[in-house]
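J.:
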Amino acid sequence: MNENPTRQGILCALGAYLIWGLAPAYFKLIQQVPATEILTHRIIWSMVFMVLLLSLCHKWRQVRDLFRRPKILLLLGVTSVLVGGNWLLYIWSVNHHHMLEASLGYFINPLVNILLGMIFLGERFRKLQWLAVILAMCGVLMQLWKFGSLPWIALGLAFSFAFYGLLRKKLAVDPQIGMMIETLWLLPAGAWYLFVVADSPTSHLAANPWQLNLLLVAAGVITTTPLLLFTAAANRLRLSTLGFFQYLGPTLMFLLAVLFYGETMTEDKLFAFGFIWLALAVFIFDALVMRQKSRHIRRSVM
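Each residue of the sequence shown is one higher than the one before, starting from 12 at the first, in my numbering.
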């Protein structure tokens, strides 16, 4: 690969996962706002941001062409529900002191991706991948058996984002256009909730301090910027290279939760994290081995 695109891809990947990992600090700044309201602001201002972006990129003709494909539009409606539910659960977990469990969900996500790839895309597991998935399942089952509880937030975040990624992969729609359509699906419900239903101290924007309104508007930028950086990185890096950056986000969330927001690593969380981290170590080792083998094969061919 050319050195400059690779360097640009690495910087874009770092930017995306740094923003995703540090985003909880932003949501803590507006924790007095109900999660449902934050979600509606995220939808509304993301729409504004995406309209501006598509105008700058001259992509409205592609948007018009997509509206002639009703099946794709309906499936994007499904993905909008998945990503909207993921957003809502993520915001709620951060602002209700469940950041550790949210980070656990994003640690589990790569392993769920493997599982869905096997079930829906006919992908085959290597032996170490089987071991990684089994270890992750053992962590969840051990928590259920020993402590009588399941990490519902972590599982909800992991599976909703994994199914979202699976559907978007099968749809193969331009990321910017797809996100705009998804946001458009969510916009009526979001606007109706914010301007008709919501009746909290922060729902009346004219009565809010301008600093709070500015933070709420920023929700749209914080939503779209890392996704656009991720897309740019995916176009410049090998998928195997990009995969190693995905652990940066949940690691930063974990550190924020423990070091800055006083969340405690209880025994049940320790069990779950221990198994998941062991599973990820196996998963990463397998990826490194396969990468080394592919290099040897390329060299032998040359």
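C-beta: ideal position from N, C-alpha, C; glycine also.
Here the structure is a predicted model, which is why all the values come from computation and not from measurement.
Tell whether a beta-carbon distance below 8 Å holds between N106 and A46.
T.: Yes, these two residues count as a Cβ contact at 8 Å.
J.: If the criterion is Cβ atoms closer than 8 Å, does the pair Q327 and K304 meet it?
T.: Lying before the first or after the last residue shown, residue 327 is absent from the chain, which here runs from 12 to 313.
J.: DSSP state of P199, grouped into three classes?
T.: Helix.
J.: Of the choices L22, F174, F282 and V300, whose alpha-carbon is the least far from that of G159?
T.: Nearest C-alpha to G159: F282.
J.: Is V105 helix, strand or coil by DSSP?
T.: In the structure shown, V105 sits in a helix (DSSP, three-state: H, G or I).
J.: Hey, which unbroken runs of the alpha helix (DSSP H) at 4 residues or more fall wholly within the stretch 218-284?
T.: Counting only runs of 4 or more, we get 221-247, 250-254 and 259-266.
J.: Assuming Q73 is part of the alpha helix (DSSP H), what are its boundary residues?
T.: Where Q73 is concerned, the enclosing alpha helix (DSSP H) stretches over W71 to L77.
J.: What residue range is occupied by the uninterrupted alpha helix (DSSP H) comprising V62?
T.: Here the alpha helix (DSSP H) through V62 covers A46 to L67.
J.: Quick one: Cα of P212 to Cα of L77, how far?
T.: Each residue's Cα considered, the two are about 40 Å apart.
J.: If you count every other CB in all the chains shown that lies within 10 Å of the CB of E278, and 16 or more means buried, which is it?
T.: So E278 ends up on the exposed side.
J.: Please return the same chain residues whose Cβ sits closer than 8 Å to the Cβ of F38, not counting the five positions on each side in sequence.
T.: The residues are I49, I102, V105 and N106.
J.: Checking 8 Å against the spacing of the C-beta atoms, do F172 and L291 come in under that value?
T.: Not in contact: F172 and L291 (Cβ atoms no closer than 8 Å).
J.: Nearest-angstrom Cα distance between R80 and A200?
T.: Taking the straight line joining both Cα atoms gives about 23 Å.
J.: Short check: CB of L126 to CB of V151, under 8 Å?
T.: Not in contact: L126 and V151 (Cβ atoms no closer than 8 Å).
J.: By how many angstroms is the C-alpha of A218 removed from the C-alpha of N13?
T.: Note on N13: pLDDT 49, under 50, position unreliable in the model; the coordinate value appears next. One C-alpha to the other measures close to 53 Å.
J.: Output yes or no for whether 8 Å exceeds the beta carbon distance between V293 and L198.
T.: No, they are not a contact pair.
J.: Output yes or no for whether 8 Å exceeds the beta carbon distance between L263 and L33.
T.: Yes, the pair counts as a contact, with Cβ atoms nearer than the cut-off.
J.: Take L161 and list the residues in its own chain whose beta-carbon comes closer than 8 Å to its own, dropping the five residues that flank it on each side.
T.: Only V151, Q154 and L155 meet the Cβ criterion.
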